[in-house]
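*Asks:* Position 99 of the sequence shown, counting from 1, maps to 101 under this note's numbering, and the rest follow consecutively.
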Amino acid sequence: MPEVCTTASELSPAFFERNSSTLTEEARSSLEENADILSQCPNLSVRIEGYAAPGERNTASLSEDRSEAAADFYQNHGVPVTRTMTGGQGQVEGMTSKKGGTRQYRRADSIPEREGDGM
């Protein structure tokens with residue numbers, strides 16, 4: 003088993019356009035890297051947490067849709083549904099700067115969990 007299977011503590015996030023749960027090319031690229039790791043590591047499952055930025059519409063359902071979009075991508079790339087768990091976290095609370103914007107809030111995080119870690 004590759005070392006990453008025992009050391010991975012985070013996977014790449016997938017970022018979304020405003021008010022959208024459609025995967026961008028950038029998001030697909032990140033998720034593809036994650037799917038490669040998951041396919042090498044049968045001991046890893048992934049908890050996918052979707053988030054929405056302040057000011058987006060229907061933040062609860064949007065964040066859930068984002069987590070589901072990432073899960074669907076994984077399943078379409080060979081990760082069994084039994085190794086994915088999704089959840090929408092709603093709107094992220096926090097301050098944004100004009101320069102940074104809200105991009106960092108419009109995302110789905112993929113959190114790896116090893117067998118026996120409580121998933």
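Ideal Cβ placement from N, Cα and C applies to all residues, glycine included.
Distance check for E117 and S11, CA to CA, integer angstroms please.
*Replies:* Within the sequence shown, residue 11 is the residue found at index 9, counting from 1. Within the sequence shown, residue 117 is the residue found at index 115, counting from 1. Going by the C-alpha atoms only, they are around 13 Å apart.
*Asks:* Alpha helix (DSSP H) containing L33: first to last residue?
*Replies:* Counting from 1 along the sequence shown, the entry for residue 33 is found at position 31. Note, L33: alpha helix (DSSP H), 27-42.
*Asks:* So, is E58 buried or exposed, given that buried needs 16 or more other C-beta atoms within 10 angstroms?
*Replies:* Taking the sequence shown and counting its residues from 1, one reaches residue 58 at position 56. Classification of E58: buried, given that the 10 Å Cβ count is 16 or more.
*Asks:* Report back the beta-carbon spacing between V17 and T24 to the nearest angstrom; my notes put them in contact at under 8 Å.
*Replies:* Your numbering for residue 17 matches position 15 in the sequence shown. Your numbering for residue 24 matches position 22 in the sequence shown. Here residue 17 turns out to be Phe, not Val, going by the sequence shown. Not really, about 12 Å apart at Cβ, beyond 8 Å.
*Asks:* Can you tell me which of S65, S31, V48 puts its alpha carbon nearest to the alpha carbon of G90?
*Replies:* On the sequence shown, residue 90 is found 88 positions in, with the first residue counted as 1. Here the closest residue by C-alpha is S65.
*Asks:* Can a CB atom of chain C be found closer than 8 Å to the CB of P44?
*Replies:* The chain inventory of the structure shown lacks chain C, comprising one protein chain alone.
*Asks:* If we count the other Cβ atoms within 10 Å of its Cβ and call it buried at 16 or more, is G51 buried or exposed?
*Replies:* As a working note, residue 51 is residue 49 in the sequence shown. In the sequence on display, residue 51 carries Glu and not Gly. So E51 counts as buried.
*Asks:* For the candidate residues E19, A55, R20, R30, whose alpha-carbon lies nearest to that of V94?
*Replies:* Residue mapping note: residue 94 aligns to position 92 of the sequence shown, counting from 1. Of the candidates E19, A55, R20, R30, the one whose C-alpha sits nearest the C-alpha of V94 is A55.
*Asks:* In the DSSP assignment, find the alpha helix (DSSP H) that holds E66 and state where it starts and stops.
*Replies:* For the purposes of this step, residue 66 is identified with residue 64 of the sequence shown, where counting begins at 1. From DSSP, the alpha helix (DSSP H) with E66 extends over 61-78.
*Asks:* Taking 8 Å as the threshold (C-beta atoms), are A110 and S69 in contact?
*Replies:* Counted from its first residue, the sequence shown places residue 69 at position 67. Counted from its first residue, the sequence shown places residue 110 at position 108. Closer than 8 Å, so yes.
*Asks:* Given a cut-off of 8 Å, decide if V81 and S41 are closer than it, judged by their beta-carbon atoms.
*Replies:* On the sequence shown, position 39 is the one that residue 41 refers to. On the sequence shown, position 79 is the one that residue 81 refers to. Cβ distance < 8 Å, so S41 and V81 count as in contact.
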